[in-house]
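Down below is the structure, laid out as structure tokens.
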Amino acid sequence: MTAANIIDGKAFAERLRTRIAAVAADFEARAGRKAGLAVVLVGEDPASQVYVRNKGRQTLAAGMESFEHKLPADTSEADLLAVVERLNADPAVDGILVQLPLPSHMNEQKVIATINPDKDVDGFHVVNVGRLATGLPGFVPCTPLGCVMLLKDRLGSLSGLDAVVIGRSNIVGKPMAQLLIAESCTVTVAHSRTRDLPEVVRRADIVVAAVGRPEMVKGDWLKPGATVIDVGINRVPGAEEGKSRLVGDVDFASAAQAAGAITPVPGGVGPMTIAVLLRNTVVAAHRNAG
Ligand code: GUN
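Residues 4 to 293 in UniProt numbering are what the sequence shown lists, from first letter to last.
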């Protein structure tokens, strides 16, 4: 088996951001204001701070307005809900994202349910979950939508292909399965209780790994030529003392020998998430401005 093609998510995301900037400029010319994305961060989780900083930077670079609301970790749930309500009512705000995870004294579902579904650019509100499941237009979670974009770019039509999604989270696994059903794949959702996971994975033309277990999926689990999308971002100890490195949920070295194409970590799925968030925001702006 020859080595797999590497799916360059970083380059794809850059091209997508260029297209989004053109749509954002068109919106500004028509509406007389920029499309706006509000990001709410509660607390000081370092990874969340990095995401939020990158989101802000890329929002501005795409010609959109970025509104950042940083609240202390001991903010009450009622105060956070009041911030969300204000953003719902603000006509300059087209998209609202509340960075997860929230501090443990808050009910995430309640906070998400307070976001106006037509500003819910994360696609986490039950109304958008229901719209996706029924095939109605709405907002689709950014990471799985980015995965489908990479898959269609690589494979063209996905119709009739066998897909295995490993992981059943609300943010990735479940919406990923819905999107692949909508693309007419035959979809299996595997998870920590699945029996004989290697055998299940071996049936798949498409493997999407979103379990959060470093390098779990091995090359000898794969059907030769399969397309592998690795959503995992895991920090593990590096070769040198005190250094760490990022790895996916797929053992890249062995998988690249068997797969037809594979996303690397970093530089695969990761860059797609913010690009799709910007896309959802400019779509929200156009829809909400009528
Ligand atoms: N935390 C990690 N990923 C995400 C995401 O896509 N959206 C939100 N709101 N929080 C996250």
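Don't be surprised by glycine CBs; every beta carbon is placed ideally from N, CA and C.
Is residue i helix, strand or coil by DSSP?
| i | result |
| --- | --- |
| Asn283 | helix |
| Val268 | coil |
| Val26 | helix |
| Ser257 | helix |
| Gly263 | coil |
| Thr78 | coil |
| Leu164 | coil |
| Ala185 | helix |
| Phe142 | coil |
| Pro94 | coil |
| Lys37 | coil |
| Arg134 | helix |
| Gly159 | coil |
| Asp121 | helix |
| Gly126 | coil |
| Val87 | helix |
| Asn57 | helix |
| Arg198 | coil |
| Ser51 | helix |
| His108 | coil |
| Val204 | helix |
| Leu154 | helix |
| Val214 | coil |
| Glu243 | coil |
| Ala292 | coil |
Could you tell me how far apart the beta carbons of residue i and residue j are, in whole angstroms, since I believe they sit closer than 8 Å?
| i | j | result |
| --- | --- | --- |
| Ile232 | Val210 | 7 Å |
| Ala76 | Ala27 | With a Cβ gap of about 33 Å, Ala76 and Ala27 do not count as contacting. |
| Met275 | Met152 | 7 Å |
| Ala41 | Gly98 | 7 Å |
| Ile184 | Ala213 | In fact, because the Cβ distance is near 16 Å, the residues do not count as touching under 8 Å. |
| Leu148 | Gln102 | Contact doesn't hold; Cβ gap of about 18 Å is too wide. |
| Ala261 | Leu225 | 4 Å |
| Val114 | Leu74 | About 12 Å; that fails the 8 Å criterion. |
| Ile277 | Lys37 | Contact doesn't hold; Cβ gap of about 17 Å is too wide. |
Would you decide whether residue i is buried or exposed? Buried here means 16 or more other CB atoms lie within 10 Å of its CB.
| i | result |
| --- | --- |
| Gln112 | exposed |
| Gly245 | exposed |
| Arg22 | exposed |
| Ala50 | exposed |
| Lys177 | buried |
| Ser247 | exposed |
| Pro63 | The sequence as given places Leu at residue 63; Pro does not occur at that position. Burial call: exposed. |
| residue 296 | In the structure displayed, the chain extends from 4 to 293; residue 296 sits before or after that span and is not available. |
| Lys155 | exposed |
| Thr137 | exposed |
| Asp29 | exposed |
| Leu139 | exposed |
| Ala81 | exposed |
| His108 | exposed |
| Val167 | buried |
| Glu218 | buried |
DSSP puts residue i in a beta bridge; with which residues?
| i | result |
| --- | --- |
| Arg238 | Leu249 |
| Glu71 | Val42 |
| Leu100 | Val42 |
| Ala193 | Ile169 |
| Thr230 | Ile209, Ala264 |
| Val220 | Val253 |
| Ile9 | Ile265 |
Using 6 Å as the cut-off, classify the Cβ of residue i as near or not near the heavy atoms of ligand 1, replying yes or no.
| i | result |
| --- | --- |
| Gln52 | no |
| Gln102 | yes |
| Asp125 | yes |
Return no unless some Cβ of chain D is closer than 7 Å to the Cβ of residue i.
| i | result |
| --- | --- |
| Asp208 | Judged by its chain identifiers, the structure shown contains no chain D, having just a single protein chain. |
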